[in-house]
Amino acid sequence: MAAPAPTDALDTLELFGAAYLRTHALIGDAAEAQWQAGATPRPIEDTTERSKGPVSDPTVYHLLDGRRIALREAVIEAEKSLREAEAAMADAIARLEGK
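In full-length UniProt numbering, the protein residues as written are 1 to 99.
Here it is, written out as structure tokens:
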């Protein structure tokens, strides 16, 4: 197998760096979004009528919301991927430096 050309290695490094930074930024956005309050119905201003229906429990709704669960899983997987990439790069550096 032929060694990759230096430009291929630089392209790979640039793509890896861009993907790493984008993933890191998305994790920050998603981590914040997963705990934000969802849209809630607003009371009608021109009525004195009380709302009807069950008592609202926003904590349970947050914990059981499938979209939030999927987002949390995506954040966890992305963080794991970044840690694995960091470990792989540290291992490659150690091998190249002869450690």
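Ideal Cβ placement from N, Cα and C applies to all residues, glycine included. Just so you know, these numbers come straight off a predicted model, no measurement behind them.
What would DSSP say about residue i, mapped onto helix, strand or coil?
i, result
"residue 98", "coil"
"residue 8", "helix"
"residue 91", "helix"
"residue 29", "helix"
Identify, in the order they occur along the chain, each residue of the same chain with its Cβ nearer than 8 Å to the Cβ of residue i, setting aside the five sequence neighbours on each side.
i, result
"residue 79", "27"
"residue 33", "71"
"residue 82", "20, 23, 24 and 27"
"residue 95", "none"
Please return the same chain residues whose Cβ sits closer than 7 Å to the Cβ of residue i, not counting the five positions on each side in sequence.
i, result
"residue 73", "none"
Can you tell which of the options has the C-alpha that lies nearest to the C-alpha of residue i?
i, options, result
"residue 13", "67, 92 and 64", "92"
"residue 30", "89, 76 and 84", "76"
"residue 84", "66, 16, 8 and 11", "16"
"residue 68", "35, 98 and 88", "35"
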